[in-house]
Each structure stands twice: as C-alpha cells, then as structure tokens.
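*Asks:* Each residue of the sequence shown is one higher than the last, beginning at 39 in this note's numbering.
Quick reminder that beta carbons are idealized off the backbone N, C-alpha and C, glycines included.
All values derive from a computational prediction rather than experimental measurement.
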Amino acid sequence: MFDAKNFVKNSLIDIRKIVGDRKVISACSGGVDSTVTTALVHKAVGDKLVAVFIDDGLRREGEPEFVVRTLKNLKIRTKYIDAKAEFFEVFKGKTDAEEKRKAFRDKFYKTLGKAAKEEQIGFIAQGTIKADVIETVKGIKSQHNVLEQIGINPEIYGYKILEPLRELFKPDVRKVGRELGLPEEVSERMPFPGPALSLRVLGEVTPERVAVVRKATEIVEEETKKLGTFQNFAVLHNDKATGIKKGQRVYGNIVTVRIVDSTDAVTAKARHVPYDVLVRISERITGEIPSVVRCLYDITDKPPSTIEFE
39 MFDAKNFVKN SLIDIRKIVG DRKVISACSG GVDSTVTTAL VHKAVGDKLV
89 AVFIDDGLRR EGEPEFVVRT LKNLKIRTKY IDAKAEFFEV FKGKTDAEEK
139 RKAFRDKFYK TLGKAAKEEQ IGFIAQGTIK ADVIETVKGI KSQHNVLEQI
189 GINPEIYGYK ILEPLRELFK PDVRKVGREL GLPEEVSERM PFPGPALSLR
239 VLGEVTPERV AVVRKATEIV EEETKKLGTF QNFAVLHNDK ATGIKKGQRV
289 YGNIVTVRIV DSTDAVTAKA RHVPYDVLVR ISERITGEIP SVVRCLYDIT
339 DKPPSTIEFE
C-alpha cells in the first residue's frame with residue numbers, strides 16, 4: 039500500500055540533499071503531474087524554486103490563466119514565457135507524429151534551458167511519472183520529459199533533471215497532491231499530455247487547426263464532466279469529408295471523440311457513453327465549429343491503441 043505521507047517526507051529529504059544551495063526551475067504545464075512536482079519541490083526548497091509556465095499556444099481554453107493563478111495561489115514564484123510563435127514555427131511542414139514530438143521536445147528544452155540560464159539555475163524539476171518511462175523504454179512513444187532513455191544528455195541544454203515522481207503511477211501522484219494540500223481542482227484534474235493539443239492535431243500543427251481542436255475539446259469536456267471518466271478529448275483528422283452546411287456542399291474537417299476509463303494510463307477501456315450524450319457532442323461540434331462536418335467516436339481500448347492518437 040502506497041503511503042503518501044511517507045513518500046513526501048522521504049522526497050523532501052532527497053530533494054534537499056540533491057539540490058543543496060542551487061536554484062531550481064519547475065516546468066509546470068498545469069497538469070496533475072507537473073503541478074504536484076512543483077508543489078513538492080517548493081515544499082522542499084522554498085524560494086529557491088521558480089515555476090515556469092511556457093505558453094506554447096497548444097493549451098486548452100483558459101489553461102494559461104488557470105496555471106498562473108494556481109501557482110500564485112500556492113505562493114510560488116512564477117515565470118510566464120510567451121513562446122507561441124516559436125513553437126508553431128518548429129511544427130511547419132511536419133506531419134509525422136514522432137517528428138512532431140521531437141520538434142516539441144527540442145523547443146521545450148531549449149526554451150527551458152534559456153530560462154534556466156537567465157535565472158542562474160542548476161536543476162529543472164519536471165513531472166515525469168512511471169507511465170511516461172514505460173512508454174518511452176518500450177518504444178511506443180517518445181515522451182518529451184524522458185531524456186536518458188532516448189539517448190539525450192540534459193546537460194547539453196544547460197541543466198540537470200529532477201524527477202521526484204518518476205516511480206509513481208497516476209493514482210499515487212494524486213495521493214501525493216492531496217497530502218501536499220493541493221486543491222481538488224488540481225489533484226483530481228483530468229490528465230493532459232505535455233505536448234498538449236499538438237498530439238490531437240493529426241498532420242501539420244497550425245494555429246488555425248489547434249483552434250478547431252481546442253474548441254472541440256472544450257465541448258467534449260463540458261458534455262462529459264458528469265461521467266467521471268479518466269480522460270475525454272477530441273482529435274482533428276488530417277483527412278477531410280464531404281458535408282452539407284446551410285444547404286451547400288462543403289468539404290470539411292473530421293473530428294473524433296475519445297473517452298476512456300483507466301487508473302494508471304498504461305491500459306485503458308473505451309467508455310460506453312450514453313447515446314444522447316454522443317448526439318449532443320456531435321451536434322455541438324458540427325454546429326459550433328463551422329469547418330467541421332463529421333464527428334466520430336473511438337471505441338478502441340488500450341491496447342491495441344494508445345490513449346492519445348499521436
């Protein structure tokens with residue numbers, strides 16, 4: 039049985055011993071893993087921590103404001119970096135899923151490395167958890183926050199990595215969050231990948247295409263918030279389909295809805311969602327997003343699929 043209180047106690051000792059007198063940046067995206075990591079490291083080293091939120095233009099609706107507000111409420115010094123244009127630039131011309139992950143990872147760490155140098159920081163803390171390590175080691179997907187397993191030395195970016203949660207699965211991460219006194223809206227938050235909506239835009243990632251999947255995701259989350267599922271989101275396809283809007287033939291976007299149950303993100307089951315909920319989602323997505331003409335529902339478990347499409 040996992041003992042969150044004991045884990046926090048031992049982690050504080052370990053973090054203080056590793057960090058010493060040096061400063062730490064915590065890469066906080068606002069998700070459960072990165073926020074729990076940030077809170078844990080802050081409890082260990084106090085004002086020697088700077089939380090960094092990189093606005094890459096790939097977050098959900100209202101996410102940047104939520105993250106900055108949450109960190110300030112926790113009395114953590116926060117650095118906001120507007121890097122939207124730079125991130126979209128690295129995605130130009132890239133359609134392969136792994137190429138996009140690598141482009142995100144490289145830009146992410148270069149941006150963090152620059153911030154670390156400006157703040158004269160020796161460590162970057164990030165919310166790597168066990169599921170990230172498993173997928174990277176098995177070669178399923180390269181996670182942006184798991185470096186040594188894919189042959190990358192983080193010191194080339196100018197810092198060392200601190201990953202206090204890397205041996206924990208998601209349920210235990212939530213327990214640590216509760217033990218640290220984080221509000222429920224943080225500790226129980228739905229999982230959201232580090233590369234964010236770039237994983238949910240199949241094909242080239244552009245501001246316009248991200249805007250489509252951002253709105254579709256907002257609709258899915260609103261319509262499924264009472265279901266109590268592990269993860270709910272929308273995916274924008276690269277292919278298009280024929281549809282009818284205002285009595286006219288159009289060639290528009292296809293969106294797939296994905297709703298799954300899981301405990302650890304290593305395996306997952308597609309949820310049997312009530313049909314009326316799916317109808318509402320479809321009507322809203324095709325009605326509120328002019329470019330979308332077709333809405334699909336993914337009933338595939340993990341395995342054989344992964345939770346995210348890319």
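1. How is the alpha helix (DSSP H) around lysine 253 delimited, first residue to last?
2. If the criterion is Cβ atoms closer than 9 Å, does the pair glycine 276 and glycine 241 meet it?
3. If distances are taken between C-alpha atoms only, which option among Ala169, Arg309 and Lys208 comes closest to threonine 267?
4. Per the DSSP calculation, threonine 294 is bridged to which residue(s)?
5. Would you kindly report the start and end of the unbroken alpha helix (DSSP H) that includes threonine 116?
6. Check whether the Cβ of phenylalanine 126 lies closer than 9 Å to any Cβ atom in chain C.
7. To the nearest whole angstrom, what separates the beta carbons of isoleucine 159 and lysine 208, a pair I think is in contact under 8 Å?
8. Could you tell me the boundaries of the beta strand (DSSP E) in which isoleucine 63 lies?
9. Are the beta-carbon atoms belonging to valine 331 and glycine 290 less than 9 Å from one another?
10. Helix or strand or just coil, what does DSSP make of valine 57?
11. Taking the beta strand (DSSP E) that lysine 198 falls in, what are its first and last residues?
12. Can you give me the C-alpha to C-alpha distance between alanine 169 and aspartate 302, rounded to a whole angstrom?
13. Measuring only the C-alpha atoms, how far is phenylalanine 142 from phenylalanine 129?
14. Taking its Cβ as the centre, do 16 or more other Cβ atoms sit within 10 Å of arginine 107, making it buried, or is it exposed?
15. So, with DSSP's three-state summary, where would you put serine 343?
16. In three-state DSSP terms, what is phenylalanine 40?
17. Using DSSP with H/G/I as helix, E/B as strand and the rest coil, what is alanine 203?
18. With a 10 Å radius around its C-beta and 16 neighbouring C-beta atoms as the bar for buried, classify aspartate 71 as buried or exposed.
*Replies:* The structure says:
1. 245-262
2. Reading off the sequence, residue 276 comes out as asparagine, not glycine. Yes, these two residues count as a Cβ contact at 9 Å.
3. Arg309
4. Val273 and Leu334
5. Unbroken run through threonine 116 is the beta strand (DSSP E), 116-120; no alpha helix (DSSP H).
6. Absent here is chain C; the protein component of the structure consists of one chain.
7. That belief does not hold up - the Cβ atoms of isoleucine 159 and lysine 208 are roughly 28 Å apart, past 8 Å.
8. 62-65
9. yes
10. helix
11. 198-200
12. 7 Å
13. 8 Å
14. exposed
15. coil
16. coil
17. The question names alanine, but residue 203 is leucine in the sequence shown. DSSP places leucine 203 in coil when its eight states are reduced to three.
18. buried
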